[in-house]
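Participant: Take a look at this one; I'll ask things after.
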Amino acid sequence: MYRQLIVNDDSINNEIKKIINKDKHSLNDIKDNIIKDDKNENEKDNKKVDVLDNSKFVNLDVNDDDNETQFIFILKEQEINNGRMRQINIKNASNCANCNSPLIEGVLSKNRIYCVPYGTCYDIRTGYLEEYPGLYSQNTFKTIVKNGKIFIETKFYMLSVNKKERPMYKYIFKMSNENTIIIGSGIAAVTCAEVLRQNGYKDSIILLTKDNTLPFARFLLSTNPNISDDEILLREKTFYNDYGIDIRLNTKVIKVDVTSKIVYCDNEKSFEYSNLVIATGTALKKIVIPGSLLENVLYFKNPDDAKLIYDSSKNKHVSILNCTPNIITLSTILKKYAKSITIYNKENILFKEGGKSFNEELIKYLENVCHINVRLNDSIRIIEGETKVKHLVLSSGNCAVSNIVIPYNGEIACSSFMLGAKLKTTSDSYIEVNENMKTNIPNVYAIGDCSFSDKYKSNSFRNSWQLAQIEGKICAMNILNKEMINFNKEVQLFWFNIENKMVVFVHKIFINDNEPLSRGSFETNDFITYFFDKNFLIGVICFGDVTPAIQIFACFKKNICITKEEVQIMKKNNWSYKLI
Numbered sequence: 084m085y086r087q088l089i090v091n092d093d094s095i096n097n098e099i100k101k102i103i104n105k106d107k108h109s110l111n112d113i114k115d116n117i118i119k120d121d122k123n124e125n126e127k128d129n130k131k132v133d134v135l136d137n138s139k140f141v142n143l144d145v146n147d148d149d150n151e152t153q154f155i156f157i158l159k160e161q162e163i164n165n166g167r168m169r170q171i172n173i174k175n176a177s178n179c180a181n182c183n184s185p186l187i188e189g190v191l192s193k194n195r196i197y198c199v200p201y202g203t204c205y206d207i208r209t210g211y212l213e214e215y216p217g218l219y220s221q222n223t224f225k226t227i228v229k230n231g232k233i234f235i236e237t238k239f240y241m242l243s244v245n246k247k248e249r250p251m252y253k254y255i256f257k258m259s260n261e262n263t264i265i266i267g268s269g270i271a272a273v274t275c276a277e278v279l280r281q282n283g284y285k286d287s288i289i290l291l292t293k294d295n296t297l298p299f300a301r302f303l304l305s306t307n308p309n310i311s312d313d314e315i316l317l318r319e320k321t322f323y324n325d326y327g328i329d330i331r332l333n334t335k336v337i338k339v340d341v342t343s344k345i346v347y348c349d350n351e352k353s354f355e356y357s358n359l360v361i362a363t364g365t366a367l368k369k370i371v372i373p374g375s376l377l378e379n380v381l382y383f384k385n386p387d388d389a390k391l392i393y394d395s396s397k398n399k400h401v402s403i404l405n406c407t408p409n410i411i412t413l414s415t416i417l418k419k420y421a422k423s424i425t426i427y428n429k430e431n432i433l434f435k436e437g438g439k440s441f442n443e444e445l446i447k448y449l450e451n452v453c454h455i456n457v458r459l460n461d462s463i464r465i466i467e468g469e470t471k472v473k474h475l476v477l478s479s480g481n482c483a484v485s486n487i488v489i490p491y492n493g494e495i496a497c498s499s500f501m502l503g504a505k506l507k508t509t510s511d512s513y514i515e516v517n518e519n520m521k522t523n524i525p526n527v528y529a530i531g532d533c534s535f536s537d538k539y540k541s542n543s544f545r546n547s548w549q550l551a552q553i554e555g556k557i558c559a560m561n562i563l564n565k566e567m568i569n570f571n572k573e574v575q576l577f578w579f580n581i582e583n584k585m586v587v588f589v590h591k592i593f594i595n596d597n598e599p600l601s602r603g604s605f606e607t608n609d610f611i612t613y614f615f616d617k618n619f620l621i622g623v624i625c626f627g628d629v630t631p632a633i634q635i636f637a638c639f640k641k642n643i644c645i646t647k648e649e650v651q652i653m654k655k656n657n658w659s660y661k662l663i
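Here this note's numbering is used: the first residue of the sequence shown is 84, the next is one more, and so on.
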């Protein structure tokens, strides 16, 4: 069987040295000796190594030049009990393949382990990614039990590799009009393309994007606005080449003829399609007030925006008009360089999905710990200055000094190229889709932030990285006419940072909550609010220690119910017992 390498023992270094220095010449003999009773020993392993828990670390010296397969002693069978996890620390081998968090701190239920803090889920038998968010699968090793000892079979250099890919179809170029065209290059688009290849899709896949960089992790911009382009790429160029995902950068779509099934671009190129996937995301709405066209009124959306804001904010008074979680994160990072940060929010709440108690704690933490000024029920009415921002006139009548304004005025879907195609959209150009991501036009799909469905009817719904990936997968499975995913049963998971702390929000999508129950505080790093529908838990938000949120996410995914009475009794917020 296969298990992630999450084990530890003080004697490992000595045993490995024995294998390297003494027994290397007799590997075939060792293999013959070990595999004789492999079936029975693997059955024994199934009983013994199911669930994992924390332990101290051990470091191994790994010889990267050693490419021979080795049988490496890990620990004695009696040293790991059912319900325990042991870890061996070799570079990042036991860390999450997607976020590098230690998997030993994760949540494990049966054969699945959920990374903390992001909730990425792997099957520990195969290492394959089972639940989003994430792109990579986790590296695993074959384990063999012989005479009470557990060995892994691998090459030494593989011990320092913590990620791998799901098997994908290797595309072979052929002349064909059976193209799947994906417009956009966000995470929904990339996920759709990858799922198609993972499920044996043999025709060409072309991603058309107006961006000048390969698909990147947009959420990293708020935690590090000065990050380089290479550091935020989702995949290297070689990956797309290997699997026949043709990405056309600097290619803006200007028109789609849905009758002839042709996509027209601004570089005079056109593409025929059999399936069209629109994953263009959104654009920020500009503010329209006196002074809104002055220099240093800066919008935050892409890497160039982030770098400009970072460079411009040093030793300046920065004003933020209205908030999103990403802008809250950005504000806590900019505070390290700016003279001052002030948030003006026209509403009396910063993150409405978090509830009253969460927002009260959030505002106190921003002001007292992050030293960010928060002005609720106030807005910027006029921006003053000759060429650059100098002063603000507020809706309250007060004036304020400011050098930079970062406004947020909502978003509009990027779908104008579909005008004339009789595509059904909302007043803000969002493309209406059903639960299968299908639009009202045959063979045309919309996924990610540009799509609109019944999900928006929930007062707890918020677009997220994880849900965009789910929509990408649903779209791909529909193109393939394979087993459908029921979006209505999905659970949303959303996160953002406040300085070096995490907020994780988990909620069932189509159920509105009432009567929240809150515990802890931001100050003690253990704030949590539970959300209920009638007598059952349907959501949670955590700050600091987010493990309870991931535990509840795992419970929801396994259809495990938690009652309000159970929450009232469980003062320690530990739900691991529900997952055994």
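Yeah, the Cβ is synthetic: ideal placement off N, Cα and C, and Gly gets one too.
Roughly how many whole angstroms lie between the Cα atoms of Lys641 and Glu598?
Facilitator: Going from the Cα of Lys641 to the Cα of Glu598 covers about 24 Å.
Participant: Compute the Euclidean distance between the alpha carbons of Glu98 and Ile207, then round it to the nearest angstrom.
Facilitator: Because the pLDDT of Glu98 is 41, which lies under 50, any placement of that residue in the model is unreliable, and the number read from its coordinates should be weighed accordingly. Cα-Cα distance, rounded: 25 Å.
Participant: Comparing alpha-carbon positions, which option in Asp294, Met168, Ala180, Thr334 lies nearest Val190?
Facilitator: For Val190, the nearest C-alpha among the options comes from Met168.
Participant: Can you look up Asn571 in the DSSP assignment and give me helix, strand or coil?
Facilitator: Helix.
Participant: Let me make sure I understand the geometry here. Which of Asn194, Thr263, Lys159 has the alpha-carbon closest to that of Lys232?
Facilitator: Answer by Cα proximity: Lys159.
Participant: In whole angstroms, give me the CA-to-CA distance for Cys497 and Ser512.
Facilitator: Approximately 7 Å, taken between the alpha carbons.
Participant: Hey, could you find the ends of the beta strand (DSSP E) Pro386 is sitting in?
Facilitator: Counting along the chain, Pro386 falls outside any beta strand (DSSP E), though it belongs to the alpha helix (DSSP H) covering 386 to 396.
Participant: Report yes or no: do the stretch 571 to 591 and the stretch 615 to 622 share at least 3 C-beta pairs separated by less than 8 Å?
Facilitator: Because the criterion of three Cβ pairs below 8 Å is met, the stretch 571 to 591 and the stretch 615 to 622 touch.
Participant: Which residues in the same chain have their Cβ closer than 7 Å to the Cβ of Ile337, if we skip the five residues on either side of it in sequence?
Facilitator: Closer than 7 Å at the Cβ level, and outside the excluded window around Ile337, lie Tyr347, Cys348, Asp349, Phe500.
Participant: Rounded to whole angstroms, what's the CA-CA distance from Ser414 to Lys397? Just pull it up for me.
Facilitator: If I take the Cα positions, the gap works out to 13 Å.
Participant: Decide if the stretch 459 to 477 is in contact with the stretch 603 to 622; the criterion is three or more beta carbon pairs, one per stretch, under 8 Å apart.
Facilitator: They do not touch, by the three-pair rule.
Participant: Quick one: which unbroken alpha helix (DSSP H) runs of 4-plus residues sit fully inside the stretch 327 to 402? Chain order, please.
Facilitator: You should have 386 to 396.
Participant: For Lys246, count neighbouring Cβ atoms within 10 angstroms of its own Cβ and tell me buried if that reaches 16, exposed if not.
Facilitator: Buried is the call here.
Participant: Spatial neighbours of Asp388 within its chain, please: C-beta separation below 7 Å, excluding the five flanking residues on both sides.
Facilitator: Contacts found: Leu381, Tyr382.
Participant: Leaving out five residues before and five after Arg464 in sequence, what residues of the same chain have Cβ atoms less than 7 Å from its Cβ?
Facilitator: Taken in chain order, the residues that qualify are Ile372, Val476, Leu477, Ser478.
Participant: Under DSSP, the alpha helix (DSSP H) around Ala305 begins and ends at which residues?
Facilitator: It should be noted that the sequence gives Ser, not Ala, for residue 305. Residues 303 to 306.
Participant: Would you please state the rounded distance, in angstroms, between the beta carbons of Ile669 and Asn492? I believe it to be under 8 Å.
Facilitator: A question about residue 669 goes unanswered here, because the residues of the chain that appear run from 84 up to 663.
Participant: Quick one: using the 10 Å Cβ neighbour count with 16 as the cut-off for buried, is Tyr660 buried or exposed?
Facilitator: Exposed.
Participant: For the alpha helix (DSSP H) containing Tyr448, name the first residue and the last one.
Facilitator: From DSSP, the alpha helix (DSSP H) with Tyr448 extends over 438 to 451.
Participant: Please report the straight-line C-alpha distance between Arg267 and Asp532, rounded to a whole angstrom.
Facilitator: The sequence given here has Gly at residue 267, not Arg. The straight-line gap from Cα to Cα measures roughly 11 Å.
Participant: Measure the Cβ-Cβ separation of Leu576 and Phe636 and say whether it is below 7 Å.
Facilitator: It is a contact, given that the beta carbons lie within the stated cut-off.
Participant: On the three-pair Cβ rule with 8 Å, is the stretch 501 to 510 touching the stretch 420 to 440?
Facilitator: In short, these stretches do not touch, since the Cβ pair count stays below three.
Participant: Please work out which residues of its chain come closer than 6 Å, Cβ to Cβ, to Lys654, disregarding the five sequence neighbours upstream and downstream, and give them in chain order.
Facilitator: Result list for Lys654: empty, nothing under 6 Å.
Participant: Could you tell me the alpha carbon to alpha carbon distance between Ser243 and Ala180, rounded to whole angstroms?
Facilitator: Distance between the alpha carbons of Ser243 and Ala180: 11 Å.
Participant: For Val527, which residues of its own chain have a beta-carbon under 6 Å away from its beta-carbon, when the five flanking residues on both sides are left out?
Facilitator: The residues are Leu359.
Participant: Would you decide whether Asp312 is buried or exposed? Buried here means 16 or more other CB atoms lie within 10 Å of its CB.
Facilitator: When all chains shown are included, Asp312 counts as exposed.
Participant: DSSP state of Pro599, grouped into three classes?
Facilitator: It is a strand residue.
Participant: Smallest Cα separation from Lys229: which of Leu377, Phe570, Lys435, Gln161?
Facilitator: The shortest Cα separation from Lys229 among Leu377, Phe570, Lys435, Gln161 belongs to Gln161.
Participant: Would you mind reading off the limits of the alpha helix (DSSP H) that contains Cys625?
Facilitator: Looking at the DSSP string, Cys625 is not in any alpha helix (DSSP H); the run it does join, the beta strand (DSSP E), is 619 to 627.
Participant: Determine, using beta carbons only, whether Pro308 comes closer than 7 Å to chain D.
Facilitator: Of the protein chains in this structure there is only one, and it is not chain D.
Participant: Express the C-alpha separation of Val586 and Glu443 in angstroms, rounding to a whole number.
Facilitator: Their Cα atoms are separated by approximately 14 Å.
Participant: Do you know offhand how far Gly438's Cα is from Glu648's?
Facilitator: The alpha-carbon atoms of Gly438 and Glu648 are separated by roughly 20 Å.
Participant: Taking the C-alpha atoms as reference points, what is the distance between Asp286 and Tyr254?
Facilitator: For Asp286 and Tyr254, the distance between alpha carbons rounds to 8 Å.
Participant: Which residues does DSSP list as the beta-bridge partners of Thr612?
Facilitator: Paired residue(s): Ser601, Ile624.
Participant: Give me the Cα-Cα distance between Thr152 and Asn324, rounded to the nearest whole angstrom.
Facilitator: Taking the straight line joining both Cα atoms gives about 29 Å.
Participant: Excluding the 5 residues preceding and the 5 following Lys122 in the sequence, name in chain order all residues of the same chain whose CB lies nearer than 8 Å to its CB.
Facilitator: Residue placement at Lys122 is poorly supported in this model, since its pLDDT is 31, which falls under 50; the coordinates are not used for a value here.
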